[in-house]
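First residue of the sequence shown: 1, per the UniProt record's numbering; consecutive thereafter.
See below for the structure under consideration.
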Amino acid sequence: MPRKKKEQPNRANGLYEVKMTVGKKMDGSPIRKSFYSHVSKDDARRQGQKYIQDMQIANLTGNTFVEKDVTFGQWAIRWLETYKRGEVDENTYRFTYKNTVYNHLIPYFGGAPLTMIRPIDIKEFYATKANLSESGLSKIRMCLNMIFETAIDNDLCYKNPAKRVSYTSIAEKTVKRVYTDEQIDLVEEYALTRMPEVIVLLETGVRRGELLGLSSQDINLTHRTLSVNRSITDKQGGGVLINPPKWDSYRTNPLSEKAISVLQWRCQTDGYLFPGWDGGPQHPNTWSRRLNRFMKNLNREYPEIPMLTAHELRHTYGTRLRRAGVDIYTIQKIMGHKDIKMTSEIYVHNEIDTLREALKDVL
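Take a look at the structure:
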């Protein structure tokens, strides 16, 4: 009797695939799962039957059933789409979460099963990223912990291997540049007829997106206050998004005389105070290019004045408050920081400078 011809693999990669029903969804529809084998369909089917048996045993004994074949990359992508996209603003999603996952985590852990990753693997991974800044490593650790914690919640692994693993950054720490009080006066005088929004940044400390989101309704000239109610961010693919302020940091702050002198005449018409060419929100990148040109012209006339970014202009304001003796709790509220720890970390070096200046005749 001739030997039965062996069945050929039904996958292009040479694997045998069998699809089986392993359970039901909440709506009663079947949950279908594929099982693979290098040997035969029967072998793939046996794997499926064992999977179903393990599920049933776990349900009967009350133990956690963990799907051991889910890779880090598969879950990381699903985590991004399910837990982050649409839950945070587009810029935060893109630069804090998506870039971290696709540029750092998936290239290293992508093909590894979630259940096989150990704390030592995380530690070795951190060692390969030691040249990144403290901020960059902090984002990586945050994403790792979120990915593993949600995997545990979904019965995809038993433990979070990243939970207690520390990292070390060997990157040179960059010190944010700020203007002195004398430089502030000079820059504000130069900006008055050239780019008055620079004065607003130096006198209020708002973020770039918050500045571009200001409307005439946000300025109360009677009570001399500015309210931060929205932020303009760039939209992937073009255009802008109108979002709440970062960290939902809605706030109302007092205005200085210089800020009022710039804002009062702009409040005479409705709409955005610093609009784009069409009267709508100005694109943040367009505004940054204008600021860059302004800074180059300023530096050409006054070479001793450094060229600062919008964030450094904001930081100048916070530093100026600290130099004047304003407590960090008040600074946190004015700047719209997420928590007091953030404010302390940013401005603690300024306290040392202030103490050194106060004790210069003693030390």
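Just so you know, even glycine gets a beta-carbon here, dropped at the ideal spot from N, CA and C.
Taking a 10 Å sphere around the C-beta of residue 38, we find fewer than 16 other C-beta atoms and assign the residue as exposed. Between residue 227 and residue 246, the C-beta gap is not smaller than 8 Å, which leaves the two residues out of contact.
Residue pairing of residue 17 in beta bridges, as defined by DSSP: 36. Within the DSSP secondary-structure output, residue 252 pairs in a beta bridge with 227. Between residue 90 and residue 236, the CB-CB gap stays under 8 Å. Inter-segment contact for the segment 243-260 and the segment 334-347 is present: three or more beta-carbon pairs are separated by less than 8 Å.
Going by C-alpha positions, residue 310 is about 15 Å away from residue 282. When secondary structure is reduced to three states using DSSP, residue 243 falls in the strand class. Using a 10 angstroms sphere on the CB of residue 277, the tally of other CB atoms stays under 16, which defines it as exposed. In this structure, residue 148 lies away from residue 131, with their beta-carbon atoms at least 8 Å apart. Residue pairing by DSSP puts residue 23 in a beta bridge opposite 31.
Residue 190 has its alpha-carbon roughly 55 Å from the corresponding atom of residue 119. Taking one beta carbon from each stretch, the segment 186-200 and the segment 297-305 have 3 or more pairs nearer than 8 Å; the two touch. For residue 179, the closest of 16, 316 and 333 by C-alpha to C-alpha distance is 316. Assignment of beta-bridge partners to residue 272 by DSSP yields 215. Residue 232 is bridged by DSSP to 242. Per the DSSP secondary-structure output, residue 285 pairs with nothing in a beta bridge. Counting only runs of at least 4 residues, the segment 48-123 fully encloses the following alpha helix (DSSP H) elements, listed from N- to C-terminal order: 72-79 and 106-109.
In this structure, the beta-carbon distance from residue 286 to residue 253 does not fall below 8 Å.
At a Cβ-Cβ threshold of 8 Å, residue 110 and residue 71 count as neighbours. Cβ neighbours of residue 93 within its own chain (closer than 7 Å, five residues either side excluded): 84 and 85. Below 8 Å, too few C-beta pairs join the segment 251-267 and the segment 150-158 to call them touching: fewer than three. Apart from the 5 residues on each side of it in sequence, residue 112 sits with its Cβ closer than 7 Å to the Cβ of 71 and 72 in its chain, given in chain order.
Closest by C-alpha distance to residue 165, out of 323, 78, 15 and 124, is 124. Burial is judged here by how many other beta carbons sit within 10 angstroms of a residue's own beta carbon; residue 329 has fewer than 16 and is exposed. Between residue 129 and residue 145, the beta carbon gap of about 15 Å keeps them out of contact (Cβ cut-off 8 Å).
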